[in-house]
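>
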Ligand SMILES: [Fe+2]
Ligand SMILES: [Fe+2]
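Residue numbers (my numbering): 315 to 793.
1. Which word fits residue 327, buried or exposed, when buried means at least 16 other C-beta atoms lie within 10 angstroms of its C-beta?
2. Please report the straight-line C-alpha distance between residue 315 and residue 728, rounded to a whole angstrom.
3. Name the two residues that bound the continuous beta strand (DSSP E) containing residue 445.
4. Compute the minimum distance between the beta carbon of residue 523 and the heavy atoms of ligand 2, and state whether it is under 8 Å.
5. Examine ligand 2 and report whether any of its heavy atoms sits within less than 8 Å of the Cβ of residue 433.
6. Look at the alpha carbon of residue 578 and the alpha carbon of residue 598, and state the distance between them as a whole number of angstroms.
7. Taking 9 Å as the cut-off, decide whether the C-beta atoms of residue 356 and residue 440 are in contact.
8. Where in the stretch 654-679 do unbroken runs of the beta strand (DSSP E), each at least 3 residues long, occur, reported from the N-terminal end onward?
9. With the cut-off set at 9 Å, would you say residue 403 and residue 414 are in Cβ contact?
10. Out of 713, 743, 709, 724, state which residue places its alpha-carbon closest to the alpha-carbon of residue 735.
11. Leaving out five residues before and five after residue 334 in sequence, what residues of the same chain have Cβ atoms less than 8 Å from its Cβ?
12. To the nearest angstrom, how far is the alpha carbon of residue 340 from that of residue 325?
13. Does the distance from the CB of residue 694 to the CB of residue 571 come in under 9 Å?
14. Does the separation of the CB atoms of residue 660 and residue 668 fall below 9 Å?
15. For the stretch 447-459 against the stretch 474-493, do three or more pairs of beta-carbon atoms, one drawn from each stretch, fall closer than 8 Å, so that the two count as touching?
16. With three or more beta-carbon pairs closer than 8 Å as the criterion, would you say the stretch 632-641 touches the stretch 548-565?
17. Compute the Euclidean distance between the alpha carbons of residue 358 and residue 631, then round it to the nearest angstrom.
18. Scan the stretch 564-634 and note each continuous alpha helix (DSSP H) run of 4 residues or more that stays entirely inside, going in chain order.
19. Just the C-alpha distance for residue 767 and residue 788, rounded to the nearest angstrom, thanks.
20. Measuring straight from C-alpha to C-alpha, what distance separates residue 536 and residue 470?
21. Could you tell me whether the stretch 668-688 touches the stretch 613-632, using the rule of 3 or more Cβ pairs below 8 Å?
22. Which of the three DSSP states, helix, strand or coil, is assigned to residue 726?
23. Taking 8 Å as the cut-off, is the C-beta of residue 278 nearer than that to any heavy atom in ligand 1?
24. State the DSSP-derived secondary structure class of residue 367, mapped to helix, strand or coil.
25. Can you give me the Cβ contacts of residue 438 inside the same chain, cut-off strictly under 6 Å, excluding the 5 residues immediately before and after it?
26. Could you pull out every unbroken alpha helix (DSSP H) segment of at least 4 residues lying fully inside the stretch 430-513, listed in chain order?
27. Identify whether residue 784 lies in helix, strand or coil by the three-state DSSP scheme.
28. Drop a sphere of 10 angstroms on the beta-carbon of residue 650, count the other beta-carbons inside from all chains shown, and report buried for 16 or more, exposed for fewer.
29. Any chance the CB of residue 556 is under 8 Å from a heavy atom of ligand 1?
30. What residue from 605, 702, 343, 387 has the CA that sits closest to residue 477's CA?
31. What residues in its chain sit with their C-beta under 6 Å from that of residue 337, if we drop five residues either side in the sequence?
32. Distance check for residue 759 and residue 574, CA to CA, integer angstroms please.
33. Within the continuous beta strand (DSSP E) that includes residue 382, where are the two ends?
34. Mapping DSSP to helix, strand and coil, what is residue 779?
35. Give a yes or no on whether the C-beta atoms belonging to residue 493 and residue 350 are separated by under 9 Å.
36. With 16 other CB atoms within 10 Å as the buried threshold, where does residue 443 fall?
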């Protein structure tokens, strides 16, 4: 079935009504989720009417409807893409066998771990972004933030559904724990590093949704071909929502660049490194934006895990997690005799080494991610070109500032040159925003809540959400 039942407490297209035990488990989890949302979700605005989209179906067209809703009353639901008749496992040692509708016993622990790790990132980002509503540069942006937040909440529901339906008692315990860990908490942090970093300002938010939500896309794309069919169907629908999160990030940064370019042209500023000249007009200089890119990109690369990984080989072999868009790749999908070129540190410099393809699954996913990020850079640089500026933004080298994998033991510049620890620390302000830069960005974070108005550092979007006009009241602030 693909119709969504919105009469139920928990909207779903998985016929929850006919599974009394699961329904009870999810209904028991629901109030805990709401407590979490209210205590660790957006600060303020819980009584405001927000113009949000809610999924009403899982078809490619017309799957969402827009309307005003108070966030705690959002209809978080369980939505799976439709089951494909006769689907078979597309990769690994079980290639060609029918997909699993239940958890295969031998892979239970591996599969639970994949679901828990994915699940943990969803509430984490909501926690990281919880204060941003108070400094939104416009109602349009505030609405986009809240849209991303409620959908990350729904993604948590998606993973909790899998845990509670397929993993019995330990699944229920994992579902509880997902609400107990907190981003940045000293005692019970979120599982992955990038999800414990602060998101203190809107430039960070746009960078996060550009780079870190894009890691989310890569992970979901590789789970979407999973041999465990319920996971594949869940992640396929999550990808539909993920597109908007990356749109918010990519166009957010683009609008900041646009504003900076306009300030530079209007005021005859020709030196892109003259940050004071740009800052005088309340915009963000390009050099500082490059430094934010360096930070968010490098922190996100760590999310892909070690380039050479037995875990990744095992979950590929088992048919649980494939590569990026696995079914579109033209090879045998088993990789037992293949190699893959992996960047590694050899004799103090970065070299490409042919490595057994199975152990290089993470390296390949990371490469696909980098290609995707390069496309974003092209779009951002187009704005600079349109304004005739002789400057371009770029991704730092993969070896820069890494805490996980091949490059975690070396100090590398943004160009990928390996230097001494001392030199790296001496030069790090060339590559990363200084405290003063970050303070400047924070000083710009004043909320702008008149419909159609934008803060000094960001341009208006090219079009409204769902075709709404420029002065549309995306959030009706509670009195
Ligand atoms: Fe998500
Ligand atoms: Fe997302």
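Every residue, glycine too, gets a C-beta built ideally from N, C-alpha and C. Here the structure is a predicted model, which is why all the values come from computation and not from measurement.
On the basis of the data shown:
1. If you number the chain shown from 1, residue 327 lands on position 13. It is buried - the Cβ of residue 327 has at least 16 other Cβ atoms within 10 Å.
2. One-based indexing of the chain shown puts residue 315 at position 1. One-based indexing of the chain shown puts residue 728 at position 414. Residue confidence for residue 315 is low, a pLDDT of 43 falling below 50, so the modelled location carries little weight; the figure read from the coordinates is stated next. The straight-line gap from Cα to Cα measures roughly 50 Å.
3. For the purposes of this step, residue 445 is identified with residue 131 of the chain shown, where counting begins at 1. Unbroken run through residue 445: none, as it is neither H nor E.
4. Locating residue 523 in the chain shown gives position 209, where the first residue counts as 1. Because some heavy atom of ligand 2 lies under 8 Å away, the Cβ of residue 523 counts as near it: yes.
5. Counting from one through the chain shown, the residue named residue 433 turns up at place 119. No, the Cβ of residue 433 stays beyond 8 Å of every heavy atom of ligand 2.
6. The residue you call residue 578 lines up with position 264 of the chain shown. The residue you call residue 598 lines up with position 284 of the chain shown. Distance between the alpha carbons of residue 578 and residue 598 is about 11 Å.
7. Mapped onto the chain shown, residue 356 falls at position 42. Mapped onto the chain shown, residue 440 falls at position 126. Yes, Cβ-Cβ distance for residue 356 and residue 440 is below 9 Å.
8. 663-670
9. Mapped onto the chain shown, residue 403 falls at position 89. Mapped onto the chain shown, residue 414 falls at position 100. Result yes, Cβ atoms of residue 403 and residue 414 sit closer than 9 Å.
10. For the purposes of this step, residue 735 is taken as residue 421 along the chain shown, with counting starting at 1. Nearest C-alpha to residue 735: 724.
11. Taking the chain shown and counting its residues from 1, the one referred to as residue 334 is at position 20. Same-chain partners within the cutoff: there are none.
12. The residue labelled residue 340 in the question sits at position 26 within the chain shown. The residue labelled residue 325 in the question sits at position 11 within the chain shown. A direct Cα-to-Cα measurement between residue 340 and residue 325 gives close to 11 Å.
13. Counting from 1 along the chain shown, the entry for residue 694 is found at position 380. Counting from 1 along the chain shown, the entry for residue 571 is found at position 257. Yes, Cβ-Cβ distance for residue 694 and residue 571 is below 9 Å.
14. For the purposes of this step, residue 660 is taken as the residue at position 346 of the chain shown. For the purposes of this step, residue 668 is taken as the residue at position 354 of the chain shown. No, they are not a contact pair.
15. The stretch 447-459 is not in contact with the stretch 474-493.
16. Under the Cβ criterion (8 Å, minimum of three pairs), the stretch 632-641 does not count as touching the stretch 548-565.
17. Working through the chain shown from its first residue, we reach residue 358 at position 44. Working through the chain shown from its first residue, we reach residue 631 at position 317. Going by the C-alpha atoms only, they are around 47 Å apart.
18. Fully enclosed alpha helix (DSSP H) runs of 4 or longer: 589-593, 600-615, 624-631.
19. As a working note, residue 767 is residue 453 in the chain shown. As a working note, residue 788 is residue 474 in the chain shown. Cα to Cα, the separation comes out at about 12 Å.
20. Position 222 of the chain shown, counted from the first residue, corresponds to residue 536. Position 156 of the chain shown, counted from the first residue, corresponds to residue 470. About 18 Å.
21. yes
22. By 1-based counting over the chain shown, the position of residue 726 is 412. Here residue 726 sits in strand by DSSP.
23. The structure shown has nothing for residue 278, since the chain only spans 315 to 793.
24. Taking the first residue of the chain shown as position 1, residue 367 is located at position 53. DSSP places residue 367 in strand when its eight states are reduced to three.
25. On the chain shown, residue 438 is found 124 positions in, with the first residue counted as 1. Hits under 6 Å: 497, 504, 509.
26. Those alpha helix (DSSP H) runs which fall completely within the stretch 430-513 and span 4+ residues are 453-480, 482-494.
27. As a working note, residue 784 is residue 470 in the chain shown. Look at residue 784 here: in three-state DSSP terms it is coil, with no helix or strand label.
28. If you number the chain shown from 1, residue 650 lands on position 336. Here residue 650 is exposed. Its C-beta has fewer than 16 other C-beta atoms within 10 Å.
29. Counting from one through the chain shown, the residue named residue 556 turns up at place 242. Yes, Cβ of residue 556 sits closer than 8 Å to a heavy atom of ligand 1.
30. Taking the first residue of the chain shown as position 1, residue 477 is located at position 163. Proximity to residue 477 across 605, 702, 343, 387 peaks at 343, based on C-alpha coordinates.
31. Here residue 337 is taken as the residue at index 23 of the chain shown, counted from 1. Only 330 meet the Cβ criterion.
32. Residue mapping note: residue 574 aligns to position 260 of the chain shown, counting from 1. Residue mapping note: residue 759 aligns to position 445 of the chain shown, counting from 1. So the alpha carbons of these two residues sit roughly 16 Å apart.
33. As a working note, residue 382 is residue 68 in the chain shown. Note, residue 382: beta strand (DSSP E), 378-384.
34. Taking the first residue of the chain shown as 1, we reach residue 779 at position 465. Looking at residue 779 - three-state DSSP - the assignment turns out to be helix.
35. As a working note, residue 493 is residue 179 in the chain shown. As a working note, residue 350 is residue 36 in the chain shown. Going by C-beta atoms, residue 493 is nearer than 9 Å to residue 350.
36. For the purposes of this step, residue 443 is identified with residue 129 of the chain shown, where counting begins at 1. Buried: at least 16 other Cβ atoms inside 10 Å.
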